[in-house]
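The opening position of the first sequence corresponds to residue 2 in my numbering, with each subsequent residue numbered one higher.
Only one structure is covered here, and it is reproduced in the block below.
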Amino acid sequence: MPLYKLPRGTLDILPAEQVYWEYVKHKAIALCQLYGYQRLDTPAFEDFNLFARSMGEGTDIVDKEMYTLEDKSGKKMSLRPEGTAPICRAYLEHGLYNLPQPVRLYYFATVFRYERPQAGRYRQHYQFGFEAIGDADPALDAEIISMTWHFCLSLGLKGLCLQLNSIGCKVCRPHYLENLKRHYSACLTQLCPDCKARLIRNPLRLLDCKKKSCQEAIETAPKSINYLCQECKAHFESIQRYLELLGIPFKVSHRLVRGLDYYTRTVFEIQSPGEGIQNALGGGGRYDELIEELGGKSTAAVGFAAGMERIILNLKRQNVSIPALPRPSIFIAYLGDEAKAEAIKLAFKLRQAGIAAITAMGGRSLKAQLRQANTFGTSYSVIIGEDEVKSQTVALRNMTTKEQKTIPSTKLEELFRRD
RNA sequence: GUGGGCGUAGCCCAGUGGUUUAAGGCGCCAGGUUGUGGCCCUGGAGAUCGAGGGUUCGAAUCCCUCCGCUCACCCCA
Numbered sequence: 002m003p004l005y006k007l008p009r010g011t012l013d014i015l016p017a018e019q020v021y022w023e024y025v026k027h028k029a030i031a032l033c034q035l036y037g038y039q040r041l042d043t044p045a046f047e048d049f050n051l052f053a054r055s056m057g058e059g060t061d062i063v064d065k066e067m068y069t070l071e072d073k074s075g076k077k078m079s080l081r082p083e084g085t086a087p088i089c090r091a092y093l094e095h096g097l098y099n100l101p102q103p104v105r106l107y108y109f110a111t112v113f114r115y116e117r118p119q120a121g122r123y124r125q126h127y128q129f130g131f132e133a134i135g136d137a138d139p140a141l142d143a144e145i146i147s148m149t150w151h152f153c154l155s156l157g158l159k160g161l162c163l164q165l166n167s168i169g170c171k172v173c174r175p176h177y178l179e180n181l182k183r184h185y186s187a188c189l190t191q192l193c194p195d196c197k198a199r200l201i202r203n204p205l206r207l208l209d210c211k212k213k214s215c216q217e218a219i220e221t222a223p224k225s226i227n228y229l230c231q232e233c234k235a236h237f238e239s240i241q242r243y244l245e246l247l248g249i250p251f252k253v254s255h256r257l258v259r260g261l262d263y264y265t266r267t268v269f270e271i272q273s274p275g276e277g278i279q280n281a282l283g284g285g286g287r288y289d290e291l292i293e294e295l296g297g298k299s300t301a302a303v304g305f306a307a308g309m310e311r312i313i314l315n316l317k318r319q320n321v322s323i324p325a326l327p328r329p330s331i332f333i334a335y336l337g338d339e340a341k342a343e344a345i346k347l348a349f350k351l352r353q354a355g356i357a358a359i360t361a362m363g364g365r366s367l368k369a370q371l372r373q374a375n376t377f378g379t380s381y382s383v384i385i386g387e388d389e390v391k392s393q394t395v396a397l398r399n400m401t402t403k404e405q406k407t408i409p410s411t412k413l414e415e416l417f418r419r420d
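Dropping the structure here:
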């Protein structure tokens, strides 16, 4: 019967699912208010080059996964594959560098990547992220990381692991990469085919390989933190001191790298305890060179982004109890046309007074109407029949105690306004 | 892009010794005497058995092709 299906890798978020989404959004917004972060929304598509430049040509996201199209004027536009670059673009475009620095921002965004869908991975997914732009202080890294940790705790997730690493800056990273490549070139024969390709394309990702055959090479590989320059080293140590000060548990992992080119120094990731799935709930890091790359002055920045679907997946797995969404507590049933008109009028008046109500529809029996009220779970039903219309009253039934009394219809408003 | 698993009503699914009105449960709708819900009882609607082709007197069932879903790899949130 249906002529169309939802596009591959996308999701209809049905009413029954919305509790989770509202829950996560509310926690996220509360968190940002607590830390003084302000919302900034950007469009779903941008100039192709914004992403090509920021994430780096040669990354899979830019080369293979972007939804790019030419608009009617011939401009190359892309659906956003991530949230940070557009935020930086907006920061520059609207002169947010004139505000007191750092500028603290957050966003919810749909992001698009053309990939084969699987558990916790979609072609369109929702990200929640926050960014602090305009300060290189390691205390700001610590703030972002502590916010991330705080967020996960407030959601009620357990057993999460915070991984931390530093991949250096443009001064010290080239030196490290040389050593990494030398190490891998020496044991080339035992590497998996993917890793052979990585060695040329994206050496940092070598550390991320899951194949058994490559684990030894990773274990014995040089660690980025041993190649940091003075400044990067001091920065990284400082972050760790702040995190210890805050009592936030973290694990320095020399294997942790991030997929996008713009990261400098700090990288971190929050991992769920689950096995065999996309276990990164979110990740972030510092990107001190990105703003300049996009045409601004040299501006330090740090941020984090989380995948909403993955968070929700974990909330379900861990059976975190989610508060129900509010529903109307009054159901209005009627018998006959005159009563129906009264019912519609009454519902409108109640709603104007801020009292949520839902009315029956159609011409079903009272029995059927109350059956509906029952499945809606409203705690009260209002019944209007011919008698009530004549006497300007309504029958108010408490659905849990079954108590029912007749009251003047004008009384209803004040009765419910109280609770 | 590569590889595995799976496609029967909105949902969960029975049925693959070829012959059935394609069964059941949940949900939905309606009834169980006058205007009263949850439990129970009865009834109803709802499926071109993922699509197309082939074999056969006869296919949900066997064969081929395609499509879709799903999981993993790659990549990433």
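Each residue gets a CB set at the ideal place from its N, CA and C atoms; glycine is no exception.
Are the beta-carbon atoms belonging to residue i and residue j less than 9 Å from one another?
i, j, result
"residue 151", "residue 32", "yes"
"residue 110", "residue 135", "no"
"residue 79", "residue 47", "yes"
"residue 398", "residue 383", "yes"
"residue 87", "residue 62", "no"
"residue 331", "residue 379", "yes"
"residue 302", "residue 133", "yes"
"residue 115", "residue 148", "no"
"residue 21", "residue 313", "yes"
"residue 188", "residue 235", "no"
I need the straight-line Cα distance from residue i to residue j, nearest angstrom please.
i, j, result
"residue 39", "residue 105", "6 Å"
"residue 124", "residue 290", "28 Å"
"residue 368", "residue 388", "18 Å"
"residue 334", "residue 363", "10 Å"
"residue 179", "residue 5", "52 Å"
"residue 108", "residue 162", "24 Å"
"residue 25", "residue 197", "40 Å"
"residue 43", "residue 402", "51 Å"
"residue 193", "residue 175", "24 Å"
"residue 284", "residue 95", "27 Å"
"residue 100", "residue 413", "51 Å"
"residue 349", "residue 311", "40 Å"
"residue 29", "residue 316", "14 Å"
"residue 386", "residue 353", "23 Å"
"residue 337", "residue 373", "18 Å"
"residue 282", "residue 271", "6 Å"
How would you call residue i, buried or exposed, if buried means at least 16 neighbouring beta carbons within 10 angstroms?
i, result
"residue 27", "exposed"
"residue 103", "buried"
"residue 406", "exposed"
"residue 269", "buried"
"residue 320", "exposed"
"residue 329", "buried"
"residue 262", "buried"
"residue 142", "buried"
"residue 41", "buried"
"residue 1", "Given a span of 2 to 420 for the chain in the structure shown, any question on residue 1 remains unanswerable."
"residue 65", "exposed"
"residue 190", "exposed"
Is it the case that the CB of residue i approaches a heavy atom of the ligand SAM more closely than 8 Å?
i, result
"residue 407", "This structure lacks the ligand SAM, and indeed carries no ligand of any kind."
Contact between the region 198-212 and the region 287-295 (3+ Cβ pairs under 8 Å) = no
Flag this pair as touching only if the region 211-230 and the region 169-181 have three or more C-beta atom pairs under 8 Å; answer yes or no.
-> yes
Would you say the region 48-67 touches the region 6-13, given that touching needs at least three Cβ pairs under 8 Å?
-> no
Sequence ranges, alpha helix (DSSP H) only - wholly within the region 204-241, length at least 4 = 213-220
Quick one: which unbroken beta strand (DSSP E) runs of 3-plus residues sit fully inside the region 134-178? Chain order, please.
-> 162-167
Three or more C-beta pairs closer than 8 Å, one from the region 141-158 and one from the region 210-222: is that the case here?
-> no
Any chance the region 350-366 sits against the region 303-321, with 3 or more Cβ pairs inside 8 Å?
-> no
Whole alpha helix (DSSP H) elements within the region 49-118, 4-residue minimum = 49-56, 85-94
Can you check the region 340-386 for any beta strand (DSSP E) of at least 3 residues that lies completely inside it and give the ranges in chain order?
-> 358-360, 381-385
What residue ranges within the region 260-322 form continuous alpha helix (DSSP H) runs of no fewer than 4 residues, ordered along the chain?
-> 291-294, 309-318
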